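**Student:** Handing you a structure now.
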Amino acid sequence: MVLYTSPFPNSFLSVLHSFSWGLIFPCYWLADRLVGSFVPTTYEKRQRADDPCYFHALCIIITTPIYLALLVASLPFALIGFLLWSPLQSARRPYIYSRLEDKNHANGATLLTEWKAAGNGKSFCFGSANVCLLPDSLARFNNVFNTQARAKEIGRRIRNGASRPQIKIYIDSPTNTSISAASFSSLVSPQGGDSTNRTVNAGIKRTTSMEYKGDNCGSNNSEDSREDKSGAGAGEPNEGEENTCIVRINGEDNGHMSDTETDTVNGQAHASGAAEPSLEGDTEISKTPNHKQKEGDSGSLDSYSASRESLVKVRVGDGTVDQSTVNNKLLYKASIMKKTSVRKKKHTDETFDHEISAFFPANLDFLCLQEVFDKRAAEKLKEQLHRYFEYIVYDVGVYSCHGCCSFKFVNSGLLFASRYPVMDAAYHCYPNGRGMDSLASKGALFLKVQVGSTPQDQRIVGYISCTHLQAIAGDTTVRCEQLDMLQDWLSEFRKSTSSSSTANPEELVAFDVICGDLNFDNCSSEDKLEQQHSLFTHYKDPCRIGPGEDKPWAIGTLLDPEGLYDEEVCTPDNLQKVLESEEGRKGYLVYPTSKNHSSSQKGRKASLKGNGRRIDYMLYTEEGLYLEWKVEVEEFSFITQLAGLTDHLPVAMRLMVSTGEDDP
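In this text, residue positions in the sequence shown follow the UniProt record's numbering: the first is 1, and each later residue adds one.
Next up, the structure:
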């Protein structure tokens, strides 16, 4: 299957489309600005409350007639442009496939060789998020604004979080599985300028291990790192190397490390400078309120304060290094992928790790985004994500009356990013959208990616589906029909793209994952039809026990829009701390609806079912995979790194594909 790298089959149609959109855009922009000026966010309301002269009201009075006059003047041009634009959509392709052009910094081919070296299997990390990148006037109804700036900041935060080193901490203790936040930060904080090198205490009462998997994508994480590597020489073997740091903690103070012990750890650390990407080129501050860095804010890794999940990137070796050098250069560059937390102690029977994290997972392999509706915002987001992901599929969907039953003003809003090569892609539009949802070409994007090869040169592939279902409450029948179509389309896609036979398999399927905003939760009484859909008999939900019941540690992914800019939750660290408590979740998450419960949201203290509305899903299946392999969840995370930028919590899942001792 050919991947479409441009929206139209020839340059003439592309030029004609650009011309027609150029005639439409002034009218579109003016209408967006005009409507947006009458829909303030809570952040703007708080700022204007301190304005005794009503300056903003005066601005609206002055600018509204100007906008109206310009809007009327642009209407004839917009009409001409629309008459050209609409017929062109019949020739438009359903998506645009973008690959990193600078092949010197592309490493998708390098990643394919890791499977052979892995021996008994490999893990893959998937992320999904609804980023609410609508036209600014529409985004304001969800209490977010400045779509263009948010798109750039969202992309920057995602690739900063994903490109940090993966450091895992394991606590070997039958009684306590927690390390205090002070213990994390003390590993990197200056110890009174003391740079004396010490050795690790031999008396061991508790052991933690930090496994750094290397900068697999370090070559394209930032523009600065590209320049640094080109200057240092391309022959340095930085990609794919494995580094492990063992930290032994002595003491019986419930896992807390003393200053002496942290000095001991610091004395053993030395920096791997060649693999360290620089973030100096990413210190631009957007015009959105949540980008003001506060102490402990880990949303952007260029913060000068270390959060409780931040550590320097270190490598244990025989040599030593000046402690101040380590702290100055690497203080905010890496973060802990905690393997334990206070909440996990209550659910020790769980077979995989789960957490509320202030960062996207390190070494994120695949990313599925929803509601990337605005084209200009999509370009800005793509530009940022390309510094980490080599392959991106965006501008997915159809426009006008072509491809679906009703007129479509915007695309599907789906975007897919991958570190591994995309082999095939297909898109289908749901024909049964209702209400406002019918104006968008909501549908499903299906992708086939190559993740490796066997010693016998058999391709190892995976399937990923990204979707966004009907949003209007009460449309349960519509969503169930869309789930039916999703399963049918996915089955057809797998059959049409498979080049294997049972007798002579040319491809081995490693995983099959579905990600997206399904717009129903597993606890609401109104969503019983969706909860019992056959999709959940074929695909597993790591957060679900059964229809109507989630696991105790699972939390909602839909934030209360009214509280997005509260100081308690406006930074990733603050939101993480709030969501770790039951009272905090009651104040800032939307909860499942109930026939016997009023919908008052803020400050609610009543007993509620579940831990919030979890409408963003990550599903996987063991059906249709290579029979001798086993797929199991290794980690599941609810992520707060996009605090203040969207009204959804991103989710991430790491799958381990176990192949046994030998590759097939």
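A virtual CB, placed ideally from N, CA and C, is assigned to each residue, including glycine.
As the structure is a prediction and not an experimental result, all values here were calculated from the model.
Suppose the cutoff is 8 angstroms on Cβ atoms and the five residues either side in sequence are ignored; what does the same chain contact list for leucine 71 look like?
**Tutor:** Cys27, Leu30, Ala31 and Leu34
**Student:** Are the CB atoms of lysine 408 and alanine 444 nearer to each other than 8 angstroms?
**Tutor:** no
**Student:** Skipping 5 residues on each side, what residues in its chain have a beta carbon closer than 7 angstroms to that of aspartate 531?
**Tutor:** Aspartate is not the amino acid found at residue 531; the sequence shown has glutamine there. Within the same chain, glutamine 531 has close Cβ partners Asn522, Pro547 and Gly548.
**Student:** Enumerate in chain order the residues of its own chain whose CB-to-CB distance from cysteine 59 is below 6 angstroms, with the five nearest sequence positions on each side excluded.
**Tutor:** none
**Student:** Output the boundary residues of the alpha helix (DSSP H) element that contains aspartate 32.
**Tutor:** For aspartate 32, the enclosing alpha helix (DSSP H) covers residues 11-36.
**Student:** Given a threshold of 16 other Cβ atoms within 10 Å of its Cβ, counted over all protein chains shown, does asparagine 120 qualify as buried or as exposed?
**Tutor:** exposed
**Student:** Once the 5 residues before and after glutamine 148 are set aside, which same chain residues still bring their CB inside 7 angstroms of it?
**Tutor:** Arg376, Ala377 and Lys380
**Student:** For lysine 602, which residues from the same chain have a beta carbon less than 8 angstroms from its beta carbon, with the 5 sequence-adjacent residues on both sides left out?
**Tutor:** Note on lysine 602: pLDDT 46, under 50, position unreliable in the model; the coordinate value appears next. Only Asp560, Glu562, Gly563 and Gly587 meet the Cβ criterion.
**Student:** Give me the DSSP bridge partner(s) of isoleucine 514.
**Tutor:** Ser465 and Leu619
**Student:** On the premise that alanine 129 lies in contact with leucine 589, defined as a C-beta separation below 8 angstroms, what is that separation, rounded to the nearest angstrom?
**Tutor:** Not confirmed; about 16 angstroms, so no contact.
**Student:** Helix, strand or coil for leucine 642 per DSSP?
**Tutor:** coil
**Student:** Could you please give me the residues that DSSP links to lysine 442 through a beta bridge?
**Tutor:** DSSP lists no partner for lysine 442.
**Student:** Here's the rule: buried if 16 or more other CB atoms are within 10 angstroms of the residue's CB, otherwise exposed. What is glycine 435?
**Tutor:** exposed
**Student:** Got a sec? Which residues, its chain only, sit under 6 angstroms from leucine 483 by beta carbon, not counting five neighbours each side?
**Tutor:** Contacts found: His533 and Leu535.
**Student:** Going by DSSP, what residue range makes up the beta strand (DSSP E) through arginine 544?
**Tutor:** 544-546
**Student:** May I have the straight-line CA-CA distance separating glutamate 623 from arginine 156, to the nearest angstrom?
**Tutor:** 36 angstroms
**Student:** Please report the straight-line C-alpha distance between alanine 151 and glutamate 582, rounded to a whole angstrom.
**Tutor:** 31 angstroms
**Student:** Return the Cβ separation of phenylalanine 124 and phenylalanine 511 in integer angstroms, given the expectation that the two are a contact with Cβ distance under 8 angstroms.
**Tutor:** About 6 angstroms separates the Cβ atoms of phenylalanine 124 and phenylalanine 511, confirming a contact at the 8 angstroms cut-off.
**Student:** Going by DSSP in three states, valine 2 sits in which element: helix, strand or coil?
**Tutor:** coil
**Student:** Please report the straight-line C-alpha distance between serine 6 and valine 578, rounded to a whole angstrom.
**Tutor:** 44 angstroms
**Student:** By how many angstroms is the C-alpha of arginine 93 removed from the C-alpha of tyrosine 4?
**Tutor:** Roughly 7 angstroms between the two C-alpha positions.
**Student:** What does a CB cutoff of less than 7 angstroms around glutamine 384 pick up in its chain, not counting 5 residues either side in sequence?
**Tutor:** Lys152, Gly155, Arg156 and Arg159
**Student:** Pull up the distance between the alpha-carbon of phenylalanine 55 and that of valine 651, whole angstroms please.
**Tutor:** 41 angstroms
**Student:** Look at isoleucine 615 and aspartate 517 and say whether their C-beta atoms are less than 8 angstroms apart.
**Tutor:** yes
**Student:** Helix, strand or coil for lysine 45? Go by DSSP, reduced to three states.
**Tutor:** helix
**Student:** Return the bridge partner residues of serine 123 from the DSSP annotation.
**Tutor:** Met656
**Student:** Taking leucine 88 and leucine 134 to be in contact with their CB atoms under 8 angstroms, please state how far apart those CB atoms are, rounded to whole angstroms.
**Tutor:** Not really, about 23 angstroms apart at Cβ, beyond 8 angstroms.
**Student:** Leaving out the 5 sequence neighbours to the left and right, which residues in its chain are closer than 7 angstroms to lysine 382 when beta-carbon positions are compared?
**Tutor:** Within the same chain, lysine 382 has close Cβ partners Ser98, Ile392 and Tyr394.
**Student:** Within 10 angstroms of the Cβ of serine 20, are there 16 or more other Cβ atoms? Answer buried if so, exposed if not.
**Tutor:** buried
**Student:** In whole angstroms, give me the CA-to-CA distance for proline 165 and phenylalanine 636.
**Tutor:** For proline 165 and phenylalanine 636, the distance between alpha carbons rounds to 18 angstroms.
**Student:** Do you know whose CA, among Val461, Ile472 and Ala473, lies nearest threonine 497's CA?
**Tutor:** Val461
**Student:** Considering only residues of the same chain and omitting the five flanking positions on each side of leucine 364, which have a CB-CB separation below 6 angstroms?
**Tutor:** Cys125, Gly127 and Ala162
**Student:** In angstroms with no decimal places, state the Cα-to-Cα distance between histidine 354 and tyrosine 399.
**Tutor:** 40 angstroms
**Student:** Give the range of the beta strand (DSSP E) segment to which valine 372 is assigned.
**Tutor:** Run containing valine 372: 366-372, per the beta strand (DSSP E) assignment.
**Student:** Does DSSP put arginine 99 in a helix, a strand or coil?
**Tutor:** Residue state, collapsed to three classes: strand.
**Student:** Would DSSP call glutamine 456 helix, strand or coil?
**Tutor:** coil
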